[in-house]
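Chains as they are written, first to last, in the numbering used here: chain L, 52 to 318; chain D, 621 to 906; chain A, 1362 to 1709.
See structure below.
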Amino acid sequence: MPESKAHWSLYLYCLFLLAPLYWLVSMAVKHNRDILGGLELVPANPTFANFVEVFTNPAWYQAFFNSLAYVGINSALTISVALPAAYAFSRYRFLGDKQLFFWLLTNRMAPPAVFLLPFLQLYSSIGLFDTPLAVALAHCLFTVPLAVWILEGFAAAVPRELDEMAAIDGHSFSYFFFALFIPIMRGGIGVTAFFCFMFSWVELLIARTLTASEAKPIAVAMTRTVSASGLDWGVLAAAGVLTILPGVAVVWFVRRHLAKGFALGRV
Amino acid sequence: MQPSRNNKAWLAVAPVVLVVAFSAIVPLMTVVNYSVQDIFDVNTRIFVGLDWYRETLRDPRFLEALLRQLSFSALVLVLEIPLGIWIARAIPRQGRQTTVFLIILAVPLLIPWNVVGVIWQIFARPDIGLLGAAVSALGVSYNYTSSPVDAWVTLLLMDVWHWTSLVALLCFAGLASIPPAYYQAAALDGAKGWRLFRHVELPHLRSVLTIAVLLRAMDSLMIYTEPFVLTGGGPGASTTFLSQYLTTMAVGQFDLGPAAAFSVLYFLLILLLCWIFHASVMRRDA
Amino acid sequence: MASVSVSGLTHRYGTEVKVLDRIDLDVADGEAHAVLGGSGAGKTTLLNLLSGLLRPNSGTIAFDGRDLKDVDAAERNVAQVFQFPVLYPGLDVAGNLGFPLANRRWGRVAVRQRVGEVAELLGLTPLLDKKTRALSLFEKQMTAIGRALVRPDVALVLLDEPLTAVEPAAKWRLRQALQRVRRELRLTMIYVTHDQTEALTFAERITMLHQGKVLQTGTPEDLYERPAHEAVARFIGSPGMNLVPARVRNGELCIGGQSLCPCALADGDCVAGFRPEWASIGDTGIPVSVRSVRPLSTLGGMQVALVTAEVGGATIHVRQPMHAADNGQARVRIVPERLVLYRHGRRL
Chain L
52 MPESKAHWSL YLYCLFLLAP LYWLVSMAVK HNRDILGGLE LVPANPTFAN FVEVFTNPAW
112 YQAFFNSLAY VGINSALTIS VALPAAYAFS RYRFLGDKQL FFWLLTNRMA PPAVFLLPFL
172 QLYSSIGLFD TPLAVALAHC LFTVPLAVWI LEGFAAAVPR ELDEMAAIDG HSFSYFFFAL
232 FIPIMRGGIG VTAFFCFMFS WVELLIARTL TASEAKPIAV AMTRTVSASG LDWGVLAAAG
292 VLTILPGVAV VWFVRRHLAK GFALGRV
Chain D
621 MQPSRNNKAW LAVAPVVLVV AFSAIVPLMT VVNYSVQDIF DVNTRIFVGL DWYRETLRDP
681 RFLEALLRQL SFSALVLVLE IPLGIWIARA IPRQGRQTTV FLIILAVPLL IPWNVVGVIW
741 QIFARPDIGL LGAAVSALGV SYNYTSSPVD AWVTLLLMDV WHWTSLVALL CFAGLASIPP
801 AYYQAAALDG AKGWRLFRHV ELPHLRSVLT IAVLLRAMDS LMIYTEPFVL TGGGPGASTT
861 FLSQYLTTMA VGQFDLGPAA AFSVLYFLLI LLLCWIFHAS VMRRDA
Chain A
1362 MASVSVSGLT HRYGTEVKVL DRIDLDVADG EAHAVLGGSG AGKTTLLNLL SGLLRPNSGT
1422 IAFDGRDLKD VDAAERNVAQ VFQFPVLYPG LDVAGNLGFP LANRRWGRVA VRQRVGEVAE
1482 LLGLTPLLDK KTRALSLFEK QMTAIGRALV RPDVALVLLD EPLTAVEPAA KWRLRQALQR
1542 VRRELRLTMI YVTHDQTEAL TFAERITMLH QGKVLQTGTP EDLYERPAHE AVARFIGSPG
1602 MNLVPARVRN GELCIGGQSL CPCALADGDC VAGFRPEWAS IGDTGIPVSV RSVRPLSTLG
1662 GMQVALVTAE VGGATIHVRQ PMHAADNGQA RVRIVPERLV LYRHGRRL
C-alpha cells in the first residue's frame, strides 16, 4: 500500500522550499540598517514601514493593479476562445485537426525572447503599447495552447451521451453549451484559470517590453525601483511578499482540484 | 465512441486560430522577414539572403551560449525529474496533510519569475543571505557573483527550488490515479522498494512524465528572467544563456537582422528537440 | 498449503460502525471455501485482513495453527486474484507469472521452469512472450490467476469476484479453468462473491456474510435446504425461499388459518420457509390468491411455470406444470418435512 504518512525527506524538501520564503518575509519586516548590520535569524525590531512604503507609493500599487488587470483579461480571453475549441477537438475529426493541435502546441515552445521585437512593433503600430490589453494579448501566445490542451482533456471526459440527450430533448446547441456543458466543465475551467494565472502573472520579459509607465506591472516596478534608488532591500522584499500573495490565494482557491488539475483531466 | 467527422467544427476552433495567429504568426513572419534583410532604418533595407544565419552559426558567443544552454537544460532535467518523482512518492496519498503539502509545493510556481530571482539573491548573498552566510560560516568560500561555479550551483539550486514542484505535482496526480489493487497485488507478490517503483508506479507515470519532461525542457531552454535578476549572466558570460544573449542583441544593440536569424534558429532548436523527444516516446509506445 | 482458522475477527474503519463483527471461519487444508454476501457485507475487508493488508482491531487469524498477528502481507504467502485483471504493464506474460518468484530472488532458470509449468497447466504457454496489452480480458485474468498459483509454497489463494470483469461469453471458460485448478492442485482457496451460483458451484463449503456477521457456514446443500437465518433463506436460490407468517397453536403448525402438521414447538408466531419445488398448487391445502403464472422452461415436453401467489400478506413462488396453474383463488400443498421454521430471524 502507498504510504499514508509523509516520508521524512518531504519535510526536508518543504524546509528547502520555505527557507528562502521565510528569509524574504523576515527581510520585509526589517529596517535596512538591520539588514546590512548583520545576520539575524528572527527580526529583532520588526517594522511594517516597508509595507507602508509600498502601499502609499502610487507607483507601487498602481503597478499591482496593472498586473491583476492583464492577468484577468488574459484568463477571460483565453478561456472564452479555448472552450469552444476544446469542445471541437474532443468531439469531432475535421480537416487538419491534428496539424492544428500540434501547431498550437508549438507556440508553447516559442521563447518569448524571440517575439520581443515584433511584439513591440506590432502593438506600437496598432496603438496598444503600454496598455494591459497588449500584455494580455501577447500572453495568449502561451496561455491559449495550454488552455486548449487542458480543456480538451476535461471535455473528452464529459460523456458524449450528454450531447445527444440534450439534442433529443430538443435543446438548441447554444443552450446545451452554456447551460449544460460549461457548468459540468467548471472544475476544468478553474484549473485552466489557475494555469493561465500561473504563466501570465509570473512572466516578466514580455510584460516589461510592452509597457513603459502607464501599464507597468508590479514585477517590473520591482526591478526598476531597485536600480533607481540604490538597493532598498526592505522595500524590495516587502513588494516581493506582496507579489506572492495573489499566487497563494489562487492555490488556496483551487486546492481541492490541485491533484486532479495536474493530471490535466486525462489520467 | 469514435469522434465524428464534421468540418463545421472549424467554426469553434476559429477564435483560437485568430487569437494565436495574431499573437504568433504575425510576429513570426516579421522575424523571418528581418532575418533575411540588413536594416539600417525604416526605408533602407537590403536583402541579404542567409547571410545572418551563416554569421550567427559562426558567432563564437552564440555557440558558447548554446553549449551553456544545452548543459543547463540537461542538468535541470537530470536533477528535477528524479527529485520530482521522489517528492511525489513521499507525499501521503490522502488526508488533510496531503492538501497542506500540495499547497506548499505549488507556491513557488506562482511567484513572478523576477521575484524568484530576487528571493534567491536575498537568500544566497554572502553578506545578507541566510544560505550564503551559512555556507561561508562552514568555511567554504562561496560567492555567486564572482565564482562561475558558485553561480552555476546557485542557478541550478534556484531552478530546482522553482520548478521541481511542477514535476512533483504532475507525478503525484499520476500516482494518485493508480488503482489500489495494484499496490495490494504488489504487496502480496512481495514487491518492495525499487521493484515496486519500477514495475507498478513507473509504468503508470509514463504520460505525466512525458508532459513533465516536455514542459521542463521547453521552459528551461527559454530561461531568461531568473538568471537575469540573480547573476545578470555573469560573472563574465558564464551564465549567459540563449534568451539573454538574444535580448541583448535585439533590444540592447538593435542588431535586428542577426537577432532575427538567431530567433529563428532558437525556435527551430526547441521545436526539433521537443519533436525528437515526443517522437521517440511515441515510437516506444507503438 | 495451509488450513485457515479465524476467530473473533472484528474490524472497523476509524470510529465508524463495525465492518466485521466477531467473525469465525475455519477452512481446511485444500478446501475450496466461498464467502457469499451482498454489498456492504464486509467481504473485501475480510480478504484484506486475511492477506495482511489490514490489521484487525481484535480477533486472531492463524494458518496451520500459527498466529499471524505480527506477520507481514509479503511473508504470509497469500496470493490474490482481483475483480479486474491486475497485471504489471511493463512486463510480458512470462514476466508477470514469474514476478512473485523474482521478488523472492529465485534464479533465472528456476523461474523459467516454474513459469513453464504453471503456463502449461493454464494453457498460457502460447502467450508467454506476449505483452499484456495484447491480451483479451479472459487471457489477462488467466495470467493473473497463474501469477497467484506460481509460488509452490503459497498458503492460501484468495479470489475476489474473479469473474466480474470478464466478457460474459468467457465466464464459463474461466469458471471451468478455476474448477480444474482446484481439482488438480488441491489448493486452499477462499472465493469471495455476491453471486450465489458462483459460490454454490465452486465451493465445498460456503460462509454467508451479512452486514459484518457470519450467518451460516456449511455445505451448499446445508445453505440451500436448511438456511440458518431468514436472510440466508432469502438470498440463496432463485427465486429465494418462500417465507410466510405461521403460528404454532396447541402443538399444530398453522399457515393461513389451516393446520398443516403437528409441531413440537412452544405456541406463538413464527415464520415458515419452504423452497418453491416443495409445494404445489392443487385442490387441497392452504388457500392462496394467485397473482401471475410465468412460463419458465420446458422439461420433458412439459411446460414448467413459476406461479406467484399471496399468503397472509407474503408473496410466495411455486414451480408447477403449466396446465395446472391458473389465476384467481387456489390452494397450495406444502411437503411438511421440508418446512424450515424461524423465530426472530433464526432457525428453530
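All C-beta atoms in this analysis are idealised placements derived from N, C-alpha and C, irrespective of residue type, glycine included.
Length of the line joining the Cα atoms of residue i and residue j
| i | j | result |
| --- | --- | --- |
| A/Val1365 | A/Gly1601 | 30 Å |
| L/Ser278 | D/Gly853 | Since pLDDT at L/Ser278 reaches only 45, below the 50 mark, its modelled position is unreliable, and no value is offered. |
| L/Gly178 | L/Leu188 | 13 Å |
| A/Pro1588 | A/Arg1708 | 7 Å |
| A/Ser1620 | A/Pro1697 | 11 Å |
| D/Leu834 | D/Arg688 | 19 Å |
| D/Tyr802 | A/Leu1519 | 15 Å |
| D/Leu876 | L/Leu256 | 18 Å |
| A/Leu1576 | A/Arg1427 | 26 Å |
| L/Arg317 | L/Trp200 | Below a pLDDT of 50, predicted positions are generally treated as unreliable, and L/Arg317, at 48, falls in that range; no measurement from the model is reported. |
| L/Phe246 | L/Phe115 | 20 Å |
| D/Val955 | D/Leu776 | As displayed, chain D neither begins before 621 nor continues past 906, which places residue 955 of chain D out of reach and without an answer. |
| A/Gly1375 | A/Gly1413 | 18 Å |
| D/Leu730 | L/Met249 | 5 Å |
| D/Phe721 | L/Leu309 | 11 Å |
| L/Ser223 | D/Ala632 | 16 Å |
| A/Ile1567 | A/Leu1429 | 23 Å |
| L/Pro210 | A/Leu1539 | 37 Å |
| A/Gly1401 | L/Leu293 | 52 Å |
Residues of its chain near residue i, where Cβ-Cβ distance is below 8 Å and the 5 sequence neighbours each way are ignored
| i | result |
| --- | --- |
| D/Pro635 | none |
| D/Ala811 | His819 and Val820 |
| D/Met838 | Ile890 and Cys894 |
| D/Asn734 | Thr845, Glu846, Phe848 and Val849 |
| A/Arg1680 | Pro1637, Glu1638, Leu1657, Val1665, Ala1666, Leu1667 and Val1668 |
| A/Arg1416 | Leu1410 |
Cβ-based neighbour list, residue i, same chain, cut-off 7 Å, excluding 5 preceding and 5 following
| i | result |
| --- | --- |
| A/Arg1373 | Lys1379, Val1380 and Asn1418 |
| A/Cys1624 | Val1609, Gly1612, Glu1613 and Leu1614 |
| D/Ala708 | Ala788, Cys791, Phe792 and Leu795 |
| L/Ser141 | Glu203, Ala206 and Ala207 |
Residue i, enclosing beta strand (DSSP E) - first and last residue
| i | result |
| --- | --- |
| A/Met1312 | Within the shown structure, residues of chain A are numbered from 1362 to 1709, placing residue 1312 of chain A beyond reach of any answer. |
| A/Ile1422 | Ser1419 to Phe1424 |
| A/Val1632 | Gly1629 to Phe1635 |
N-terminal and C-terminal residue of the alpha helix (DSSP H) that residue i is part of
| i | result |
| --- | --- |
| L/Met78 | Trp59 to Ala79 |
| L/Phe170 | Pro163 to Ser176 |
| A/Asn1409 | Lys1404 to Ser1412 |
| A/Ser1368 | Not the alpha helix (DSSP H): A/Ser1368 falls in the beta strand (DSSP E), residues Val1365 to His1372. |
| D/Lys628 | Taken as a continuous stretch (DSSP letters only), D/Lys628 belongs to no alpha helix (DSSP H), as it is neither H nor E. |
Spatial neighbours of residue i in its chain, beta-carbon cut-off 6 Å, leaving aside the 5 residues before and after
| i | result |
| --- | --- |
| A/Ile1506 | Val1442 |
| A/Thr1525 | Gln1444 |
| L/Ser77 | Pro94 |
| A/Arg1543 | Ala1393 |
| D/Phe647 | Looking at the sequence itself, residue 647 of chain D is Pro, so the reference to Phe does not match. Counting only Cβ-Cβ distances below 6 Å, and skipping sequence neighbours, we find nothing. |
| L/Asn101 | Ala79, Gly285, Val286 and Ala289 |
Paired residues, beta bridge with residue i - DSSP
| i | result |
| --- | --- |
| A/Gln1690 | A/Ser1650 |
| A/Pro1656 | A/Ala1666 |
| D/Gln657 | D/Phe667 |
| A/Arg1608 | A/Cys1615 and A/Asp1630 |
| D/His898 | Its beta-bridge partners do not exist; DSSP assigns none. |
| A/Asp1428 | A/Ala1423 |
| D/Tyr764 | Partner(s): none; D/Tyr764 has no beta bridge. |
| A/Leu1702 | A/Ala1633 |
- Can you find at least 3 beta carbon pairs, one from the region 781-788 of chain D and one from the region 812-823 of chain D, that sit closer than 8 Å? Look at the beta carbons and you see the region 781-788 of chain D not touching the region 812-823 of chain D: under three pairs across the two are nearer than 8 Å.
- Query: Within the chosen definition, does the region 282-293 of chain L reach the region 233-246 of chain L through at least 3 CB pairs nearer than 8 Å?
  - Reply: no
- Message: If contact is defined by three or more beta carbon pairs under 8 Å, each pair taking one atom from either stretch, is the region 99-111 of chain L in contact with the region 164-174 of chain L?
- Response: By the C-beta criterion, the region 164-174 of chain L is judged not to be in contact with the region 99-111 of chain L, since fewer than 3 inter-stretch pairs fall below 8 Å.
- Are three or more beta carbon pairs between the region 1384-1403 of chain A and the region 1537-1554 of chain A nearer than 8 Å? These segments touch.
- Message: For the structure I just gave you, are there three or more beta carbon pairs, one from the region 191-205 of chain L and one from the region 148-162 of chain L, closer than 8 Å?
- Response: yes
- Query: Does the count of Cβ pairs from the region 762-771 of chain D and the region 740-753 of chain D closer than 8 Å reach three?
  - Reply: yes
- Are the region 82-89 of chain L and the region 262-269 of chain L touching by the rule of at least three beta carbon pairs closer than 8 Å? No, the region 82-89 of chain L is not in contact with the region 262-269 of chain L.
- Item | Inter-stretch contact at 8 Å, needing at least 3 Cβ pairs: the region 1529-1536 of chain A / the region 1448-1464 of chain A | no
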